[in-house]
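K.L.:
Residues 1 to 299 (the UniProt record's numbering) make up the sequence shown, in order.
Cβ atoms here follow ideal geometry from the backbone N, Cα and C, with glycine treated the same way.
Take a look at this one; I'll ask things after.
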Amino acid sequence: MSKIISVFGATGAQGGSVARALLKAGYQVRALTRDTESEASKKLKDAGAQLVKSDTSASEAEIQKSLEGSYGVFLVTTFSLPDNKEFEQGSKVAEAALKANVKHFVFSGLSPANQISGGKLHVPHFDEKHKVEQYLRNLSKANPQFVSSFVYAPFYLQNFNSYFKLTKNDDGSYTISMPQDPKVPIDLGDVNDIGPIVAEQFQHPEKYSGKVVPFSGSYLTGDEIAKAFSKVTGKTVHYNFIPPSVYATFYPGAQEMAAMFEFYIQFGAFYQLDKTIAHSITKLNTLEDFLKSTNFKLE
Numbered sequence: 001m002s003k004i005i006s007v008f009g010a011t012g013a014q015g016g017s018v019a020r021a022l023l024k025a026g027y028q029v030r031a032l033t034r035d036t037e038s039e040a041s042k043k044l045k046d047a048g049a050q051l052v053k054s055d056t057s058a059s060e061a062e063i064q065k066s067l068e069g070s071y072g073v074f075l076v077t078t079f080s081l082p083d084n085k086e087f088e089q090g091s092k093v094a095e096a097a098l099k100a101n102v103k104h105f106v107f108s109g110l111s112p113a114n115q116i117s118g119g120k121l122h123v124p125h126f127d128e129k130h131k132v133e134q135y136l137r138n139l140s141k142a143n144p145q146f147v148s149s150f151v152y153a154p155f156y157l158q159n160f161n162s163y164f165k166l167t168k169n170d171d172g173s174y175t176i177s178m179p180q181d182p183k184v185p186i187d188l189g190d191v192n193d194i195g196p197i198v199a200e201q202f203q204h205p206e207k208y209s210g211k212v213v214p215f216s217g218s219y220l221t222g223d224e225i226a227k228a229f230s231k232v233t234g235k236t237v238h239y240n241f242i243p244p245s246v247y248a249t250f251y252p253g254a255q256e257m258a259a260m261f262e263f264y265i266q267f268g269a270f271y272q273l274d275k276t277i278a279h280s281i282t283k284l285n286t287l288e289d290f291l292k293s294t295n296f297k298l299e
């Protein structure tokens, strides 16, 4: 019988990609989700996943019960305002997994922005995730049978369809506005690429024990991003830099996003990490690949 992998947030962007890749790799997938009746849940069930109503807000005992019999667990904690409880979520799931005799835990983390910047930048959804990573590393050190591995996602290419949509100008051209210094490249990646990477980590626990695998299909400046959009759509696209200090005033919660971009500008998403590992695992979608595969159009 194939191994069972429990996937938290299985109907979300990262969890969904992981669940689909694991099913394709021949694992039994236990899809943990708040809503087992959603369309995304039904699609996973049709693909062969077992649906279980559970998420990180459940008690440790409830989570442990939902993980019983699992060989592995994939977790991405959810960022929420105003009080970010990612460490609370992550450490609880980690303890539940250990008690359920899970052998391999793959966590979707991010760089410790506060630590790397010497305390100058505070990006809670980065720093909280890193605290979870450290917690897992300590658990694995104390319990060698409990392997932990890590995957880091970049700025999603999917964000160009939501948070950073292009705007049309009076002359028919388009503008993409971001708080990313136009002279400094930014790591970009298709969230769907995370699945094959995590499947590979589960297939080779010894190789990836304690390892961080960051992934990035493109590393582009603002002008290069605009050129990619122009090339694929045939439209004129300009890049507009919004200083992070200005972006921080745009909406509730924008301060944290501004701090994230400040971190990208000063240190990059994957400070001192090896970005070549992911390329050796799977083909990573570039911005152009993504725009073509999604039939992106500017009307």
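Please go through the region 206-275 and give each complete alpha helix (DSSP H) segment of 4 or more residues, from N-terminal end onward.
P.N.:
Complete alpha helix (DSSP H) runs here, min 4: 222-233, 244-247, 254-267.
K.L.:
For A97, which of helix, strand or coil comes out of DSSP?
P.N.:
Looking at A97 - three-state DSSP - the assignment turns out to be helix.
K.L.:
How far does the alpha helix (DSSP H) with G69 in it reach, from first residue to last?
P.N.:
No alpha helix (DSSP H) contains G69, which DSSP labels as neither H nor E.
K.L.:
Just reading off the beta strand (DSSP E) that Y152 is part of, what are its end residues?
P.N.:
It spans 147-152 - the beta strand (DSSP E) in which Y152 sits, taken as one unbroken run.
K.L.:
Any idea if K92 is buried or exposed, counting beta-carbon neighbours within 10 angstroms, 16 or more meaning buried?
P.N.:
Answer is buried; the Cβ neighbour count reaches 16.
K.L.:
Out of curiosity, what's the CA-to-CA distance linking L220 and D274?
P.N.:
Their backbone Cα atoms lie some 17 angstroms apart in a straight line.
K.L.:
Using alpha carbons as the reference points, say which of I5, K297, K99, Q14 lies closest to A153.
P.N.:
Ranking I5, K297, K99, Q14 by Cα distance to A153 puts Q14 first.
K.L.:
Answer yes or no: do A94 and L32 have a C-beta to C-beta separation smaller than 9 angstroms?
P.N.:
No, the Cβ-Cβ distance between A94 and L32 is not below 9 angstroms.
K.L.:
By DSSP, does V52 sit in helix, in strand, or in coil?
P.N.:
Residue state, collapsed to three classes: strand.
K.L.:
Given that a residue counts as buried once 16 or more other Cβ atoms are within 10 Å of its Cβ, and exposed if not, what is F250?
P.N.:
Flag for F250 reads exposed.
K.L.:
Using the three-state DSSP reduction, which class does S140 fall into: helix, strand or coil?
P.N.:
S140: helix per DSSP, three-state reduction.
K.L.:
What residue range is occupied by the uninterrupted beta strand (DSSP E) comprising S162?
P.N.:
From DSSP, S162 is part of no beta strand (DSSP E); its letter is neither H nor E.
K.L.:
Could you tell me the alpha carbon to alpha carbon distance between D171 and S80, rounded to whole angstroms?
P.N.:
The alpha-carbon atoms of D171 and S80 are separated by roughly 39 angstroms.
K.L.:
Determine the burial state of S162: buried for a count of at least 16 other Cβ atoms within 10 Å of its Cβ, exposed for fewer.
P.N.:
Exposed, by the Cβ-count rule.
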